[in-house]
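Everything below concerns the one structure shown next.
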Amino acid sequence: MKLVALMSNGIDSPVASYLMSKRGADVILLHMDNRPFTDDRSMAIVQDIAARLRDVTGKGFPLYVANHGENQQIIKDGCDYHYQCVMCKRVMQRTARELAKRLGASGIIMGDSLGQVASQTLRNIKSENIGLDFPVVRPLIGMDKLEIIDISQKIGTFDISIRQTNGCLVVPTRPITEANPEKVVAMSQKIDVEDLAHRTAENAVLIQ
Numbered sequence: 039m040k041l042v043a044l045m046s047n048g049i050d051s052p053v054a055s056y057l058m059s060k061r062g063a064d065v066i067l068l069h070m071d072n073r074p075f076t077d078d079r080s081m082a083i084v085q086d087i088a089a090r091l092r093d094v095t096g097k098g099f100p101l102y103v104a105n106h107g108e109n110q111q112i113i114k115d116g117c118d119y120h121y122q123c124v125m126c127k128r129v130m131q132r133t134a135r136e137l138a139k140r141l142g143a144s145g146i147i148m149g150d151s152l153g154q155v156a157s158q159t160l161r162n163i164k165s166e167n168i169g170l171d172f173p174v175v176r177p178l179i180g181m182d183k184l185e186i187i188d189i190s191q192k193i194g195t196f197d198i199s200i201r202q203t204n205g206c207l208v209v210p211t212r213p214i215t216e217a218n219p220e221k222v223v224a225m226s227q228k229i230d231v232e233d234l235a236h237r238t239a240e241n242a243v244l245i246q
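Each position in the sequence shown, counted from 1, maps to that position plus 38 in the working numbering.
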């Protein structure tokens, strides 16, 4: 089983990737590079997390990077700003799907934990997945933050993930928590999320 994990510089996605690796999956990491809406420190953190996952599991964890900053600007300019995070995830998941198809992987790993942040409500997750037509594995979905932190500390990714960055500078002050599916579909058509995802996946680069 081969899976593509959407890998941020945060705490959750490294744990999700580790857990699926321990279940026997060959995990390919995909980092959506948010620059200029973040700084260079995020990339360094992701590279160090990938190295740590290799050390703790003894597996390859190849790391691909895809430029996502331009997508974020297109979403910001073309969509309701309160929906930025939902629309961002729609593009990211579709990019991961296209890369997975190219690499012979059968699904996507997400680090979602239900209700932990605004974009991870059940309704938002449903809206993010509309039309994806590809398996998404969420091994952390029923865990609370303390459980996830405990695993991250045990595998040695926690201290890497909490290194300071300037975060994501395009996150709205009041992100939508109960996304309207019809509105999500309409905005997706307006900015053509499928085309964005195809182009982004085609330009993804293996860096480690």
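Just so it is clear, CB atoms sit at the ideal spot from N, CA and C, and this is done for glycine as well.
Top-ranked residue by Cα proximity to residue i, from the options
i    : options             : result
N47  : R61, L91, A63       : L91
A104 : V84, S55, G142      : V84
G96  : I193, P177, A82     : I193
M148 : H69, I200, C117     : H69
M45  : R176, H120, V222    : R176
I214 : L178, D86, I163     : I163
K183 : A54, D77, M130, S80 : A54
Assigned secondary structure, residue i (DSSP; H/G/I helix, E/B strand, else coil)
i    : result
L303 : Coverage of the chain is limited to positions 39 through 246, which leaves residue 303 absent and any answer about it impossible.
L234 : helix
L152 : coil
L160 : helix
L91  : helix
I189 : helix
V175 : strand
L244 : strand
Element boundaries [alpha helix (DSSP H), containing residue i]
i    : result
V222 : 219 to 229
I198 : 196 to 199
Extent of the continuous beta strand (DSSP E) to which residue i belongs
i   : result
A43 : 40 to 44
Closer than 8 Å to chain C by CB, residue i
i    : result
C117 : Given the protein chain composition of this structure (a single chain), no chain C is represented.
For this session: Quick one: which unbroken beta strand (DSSP E) runs of 3-plus residues sit fully inside the segment 48 to 83? Chain order, please.
Result: 64 to 71
Exercise. Does the pairing of the segment 54 to 62 with the segment 199 to 215 give three or more beta-carbon distances under 8 Å?
Worked result: no
Exercise. In chain order, which beta strand (DSSP E) runs of at least 3 residues are fully inside the segment 86 to 136?
Worked result: 101 to 105
Problem set entry | Validate contact between the segment 122 to 135 and the segment 208 to 226 using beta carbons, cut 8 Å, 3 pairs | yes
Exercise. For the 8 Å Cβ check, are there 3 or more pairs between the segment 138 to 145 and the segment 107 to 115?
Worked result: no
Problem set entry | Three or more C-beta pairs below 8 Å linking the segment 182 to 198 and the segment 129 to 140 | no
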